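Residue numbers (this note's numbering): 15 to 235.
Notes for the one structure printed next.
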Amino acid sequence: MAKGSLVGNIAQDLGLDVKRLQAGKARIHTGDSAEYIQLNKEKGLLIIKEKIDREALCGQTTPCALHFQIALENPIEIFPITVEITDINDNAPVFDKEERRLEISESATVYKASVKENSVKGTLITKVSASDADKGSNGEVSYIIENSMRDISKLFHITEDGQLILNGPVDYEKAKKYEIDIEAVDRGVFLQQYRLSISMYYRGRAGADRIVFVCGADIHD
15 MAKGSLVGNI AQDLGLDVKR LQAGKARIHT GDSAEYIQLN KEKGLLIIKE
65 KIDREALCGQ TTPCALHFQI ALENPIEIFP ITVEITDIND NAPVFDKEER
115 RLEISESATV YKASVKENSV KGTLITKVSA SDADKGSNGE VSYIIENSMR
165 DISKLFHITE DGQLILNGPV DYEKAKKYEI DIEAVDRGVF LQQYRLSISM
215 YYRGRAGADR IVFVCGADIH D
């Protein structure tokens, strides 16, 4: 929440007259914690004093809340207050690794997967993974292939959990390189996307033919 945002009418919630807040010199006591909320005694309102970032305040802890007290004098009264901080989906998914390289020979198995020129449909090529700091449904990440080229959609498919699957036959005589753009998208309203570009090319050498996957993260706002 931004500075100056309204949290609530605390006078109404506590059943107090605004005059009581003023006469009792009502004030907020937070102990050793930072003061994110201030009290408007003239109107009996709680207002955001400093911008609140849920992830910075609580990380992955759920629920996330601010705890403080409102104190009054003459007579002394103490009211414990809890303000729950809800997630607004302000974080985009981020790929776990900015760069990684897989070298897969025709006979070897890497990450329990091998890719040959005659590999069948459904062969697992690699798996990408992104994380999102938001909580609940706002933090659920899915993956899509964003390329507009027909060949890419025919040859490759990505599952919701990030598995890049061979969707058709690969012919290295026709194409020795494919650019595959994979986007991690969170499922909330805020749909900023981060792009992972995967390049695949065939490198032929006598006795050492192999497929190389090179992944690098390109951030797009």
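Using N, Cα and C, we set each Cβ at its ideal position, and we do this for glycine too.
Here the structure is a predicted model, which means the values were calculated and not measured.
Taking DSSP as the reference, what is the three-state secondary structure of residue 30?
coil
Using the DSSP secondary-structure output, state which residues sit across from residue 141 in a beta bridge.
177
What number of angstroms, rounded off, separates the C-alpha of residue 86 from the C-alpha of residue 41?
7 Å
Apart from the five residues just before and just after residue 93, which ones in its own chain have a Cβ nearer than 7 Å to its Cβ?
28, 83, 84
From what residue to what residue does the beta strand (DSSP E) around residue 155 run?
155-159
Around the C-beta of residue 55, are 16 or more other C-beta atoms found within 10 angstroms, so that it is buried, or is it exposed?
buried
Pick from 18, 154, 96, 184: whose alpha carbon is nearest that of residue 176?
154
Identity of the residues DSSP links to residue 200 by a beta bridge:
155
Simplified DSSP state of residue 21, which is helix, strand or coil:
strand
Ordered along the chain, which non-local residues of its own chain (more than five positions away) have a Cβ less than 7 Å from that of residue 18?
61, 62
Can residue 158 and residue 171 be called in contact, C-beta distance under 8 Å?
no
Spatial distance of residue 51 from residue 70 (CA atoms):
16 Å
Note down, in chain order, each residue of its chain lying with its Cβ closer than 8 Å to the Cβ of residue 35, except the 5 sequence neighbours on either side.
25, 53, 55, 58, 86
Using CA atoms only, rank isn't needed, just tell me which of 33, 78, 99, 89 is closest to residue 21.
99
Quick one: give me the first and last residue of the beta strand (DSSP E) that residue 85 is part of.
78-86
Assuming residue 94 is part of the beta strand (DSSP E), what are its boundary residues?
91-99
Could you tell me which residues DSSP pairs with residue 41 in its beta bridges?
85
Alpha carbon to alpha carbon, how far is residue 196 from residue 139? Give it in angstroms, no decimals.
14 Å
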